[in-house]
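Numbering (full-length UniProt numbering), first residue to last: 1 to 406.
The beta carbon of each residue, even a glycine, is placed where N, CA and C say it ideally should be.
This structure is a prediction, so every number in the text was calculated from the model and none was measured.
See below for the structure under consideration.
This is the structure we're talking about:
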């Protein structure tokens with residue numbers, strides 16, 4: 001059956017932790033630069049040791065397994081350190097948007113049993129006063145404290161533990177926090193990283209805001225494959241993006257489509273791979289850029305870890321709306337009113353995601369979780385092994401159709 005062939009094989013669940021993969025890179029190449037900006041550099045070894053120190057401090061402050069720790073920083077290596085440290089402590093991080101209304105932040109925090117918010121001095125007073133706020137020392141001061149955690153024994157973290165949380169709008173229109181486990185991220189990593197041409201030679205532009213889903217790829221995927229995060233500050237992103245790409249020798253970037261409409265490929269000669277996000281672009285622009293840069297499209301939802309599909313914008317016959325083939329995921333098209341009805345190739349329906357990257361569900365929202373995270377439909381049961389029959393798939397609410405090219 002052609003539908004099954006296009007959606008198989010699927011990756012197995014990989015029972016590893018995200019920080020364990022990053023630690024592996026630190027052992028392989030400790031002196032390699034993990035993070036660079038116009039002001040600072042940090043090697044994999046420094047990232048490993050500093051995140052150990054911070055994890056030690058977080059545990060000492062009462063952070064426990066499965067806690068959710070909100071983080072809010074300017075573009076800074078401190079954010080990267082704390083993301084890793086929170087996971088090492090057995091907890092999950094949630095990146096906060098300091099620009100959103102206080103009432104929205106309050107509603108988000110109310111959903112979780114938050115023990116503290118970790119933030120920079122800039123945003124110290126941006127959050128509800130009834131939550132304890134931890135403002136960490138600057139990076140140089142943190143480096144000076146490295147000896148404090150030299151004999152620290154990290155908690156035992158399970159791949160089934162929560163790794164990070166993000167807020168998204170559900171089908172009801174209400175924001176809800178979705179939990180992604182370590183195993184969900186790592187299971188997709190070995191498929192969607194190659195599909196996006198991310199590897200140890202990648203110098204990745206850290207363009208997205210920390211609270212945006214795209215940041216997870218730019219930061220965690222990059223570190224897991226041994227690449228380098230290239231992080232312009234906010235002013236550089238707004239005013240000097242082309243210059244920053246050239247100075248940092250960025251060769252991989254995920255950028256809004258308007259970016260390539262306003263510049264020429266010759267202005268960013270180091271760029272080798274670009275993932276386009278946002279509005280469709282003209283075929284003329286694609287043809288102009290594709291002489292020098294690999295142009296990719298991708299499809300991602302907050303409820304699954306990483307992109308669930310990646311496609312070439314040049315090879316597709318379906319134009320700029322094609323989201324490519326599944327990357328560590330099967331994308332099924334089902335009747336919008338009944339997931340038990342599978343739509344044939346070429347017919348429109350709702351996109352249903354089958355993948356080990358599917359998240360745990362929404363926080364404190366069992367009914368919404370059960371509506372969106374559904375058990376395997378009747379038509380899928382015959383091709384599942386006995387141990388897979390209880391798996392959950394995610395109803396995206398998005399419309400699509402399956403073609404021969406994705």
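Just to confirm the assignment, what range does the alpha helix (DSSP H) spanning residue i have?
i	result
residue 421	This structure cannot settle anything about residue 421, because the visible part of the chain is limited to 1 through 406.
residue 106	102 to 110
residue 131	Segment: none, residue 131 is in no alpha helix (DSSP H) and carries neither H nor E.
residue 235	234 to 239
residue 395	No alpha helix (DSSP H) holds residue 395; the beta strand (DSSP E) holding it covers 392 to 401.
residue 18	18 to 28
residue 155	Element bounds for residue 155: n/a, residue is neither H nor E.
residue 81	77 to 88
Using a Cβ-Cβ cut-off of 7 Å (strictly less than) and excluding sequence neighbours within five positions of residue i, which residues of its own chain qualify?
i	result
residue 62	115
residue 271	245, 250, 251, 253, 293
residue 374	339, 392, 393, 395
residue 49	146
residue 383	4
residue 236	38, 244
residue 268	242, 245, 246
residue 45	26, 30, 31
residue 314	286, 290, 295
Taking the continuous beta strand (DSSP E) assigned at residue i, which residues delimit it?
i	result
residue 193	It is not in any beta strand (DSSP E) - residue 193 instead sits in the alpha helix (DSSP H) that spans 182 to 195.
residue 373	373 to 375
residue 60	No beta strand (DSSP E) holds residue 60; the alpha helix (DSSP H) holding it covers 44 to 60.
residue 307	Unbroken run through residue 307: none, as it is neither H nor E.
residue 95	92 to 95
residue 127	Run containing residue 127: none; DSSP gives neither H nor E here.
residue 167	162 to 169
residue 35	33 to 36
residue 3	Looking at the DSSP string, residue 3 is not in any beta strand (DSSP E); the run it does join, the alpha helix (DSSP H), is 2 to 6.
residue 141	Premise fails: residue 141 lies in the alpha helix (DSSP H), 139 to 144, not in any beta strand (DSSP E).
residue 70	68 to 72
residue 334	330 to 335
residue 10	Looking at the DSSP string, residue 10 is not in any beta strand (DSSP E), and its letter there is neither H nor E.
residue 338	338 to 342
residue 298	294 to 299
residue 407	Within the shown structure, residues of the chain are numbered from 1 to 406, placing residue 407 beyond reach of any answer.
Could you give the C-beta distance for residue i and residue j, rounded to a whole number, given that I count them as a contact under 8 Å?
i	j	result
residue 376	residue 391	6 Å
residue 36	residue 248	6 Å
residue 334	residue 341	6 Å
residue 177	residue 29	No, residue 177 and residue 29 are not in contact; Cβ-Cβ is about 35 Å, not under 8 Å.
residue 124	residue 118	That belief does not hold up - the Cβ atoms of residue 124 and residue 118 are roughly 11 Å apart, past 8 Å.
residue 255	residue 277	7 Å
residue 72	residue 96	4 Å
residue 190	residue 11	7 Å
residue 196	residue 296	6 Å
Here's a check: name, in chain order, each residue in its chain whose Cβ is nearer than 6 Å to the Cβ of residue i, leaving out the five neighbours to either side.
i	result
residue 47	34
residue 350	334, 336
residue 86	69, 93
residue 91	63, 67, 69
residue 380	none
residue 38	none
residue 215	208
residue 165	68, 92, 94, 177, 179
residue 13	183, 187, 356
residue 7	330
residue 437	Since the first residue of the chain shown is 1 and the last is 406, residue 437 is not available in this structure.
residue 21	224
residue 301	396
residue 398	351
residue 202	227, 252
residue 156	none
residue 126	98
residue 83	93
Considering only residues of the same chain and omitting the five flanking positions on each side of residue i, which have a CB-CB separation below 8 Å?
i	result
residue 121	135
residue 60	none
residue 107	175
residue 3	332, 342, 344, 345, 402
residue 16	159, 182, 183, 186
residue 52	85, 88, 149, 152, 154
residue 259	241
residue 257	276, 277, 278, 279, 280, 281
residue 199	193, 225, 226, 227
residue 265	271, 288, 289, 291, 292, 293
Report whether the distance from the Cβ of residue i to the nearest heavy atom of the ligand GTP is below 7 Å.
i	result
residue 347	Looking for the ligand GTP in the displayed structure turns up nothing, as the structure carries no ligands at all.
Original post:
Does the segment 298 to 312 touch the segment 327 to 339, meaning 3 or more C-beta pairs lie closer than 8 Å?
Top reply: yes
**OP:** Return the chain-ordered ranges of every alpha helix (DSSP H) run that is complete within the segment 241 to 291 and spans a minimum of 4 residues.
**Re:** 241 to 247, 257 to 262, 283 to 289
Original post:
Which parts of the segment 195 to 234 are runs of the beta strand (DSSP E), unbroken and 3 residues or longer, counting only runs that do not cross its ends?
Top reply: 203 to 205, 228 to 230
**OP:** Could you say if the segment 178 to 192 and the segment 228 to 236 meet the contact criterion of at least three C-beta pairs nearer than 8 Å?
**Re:** no
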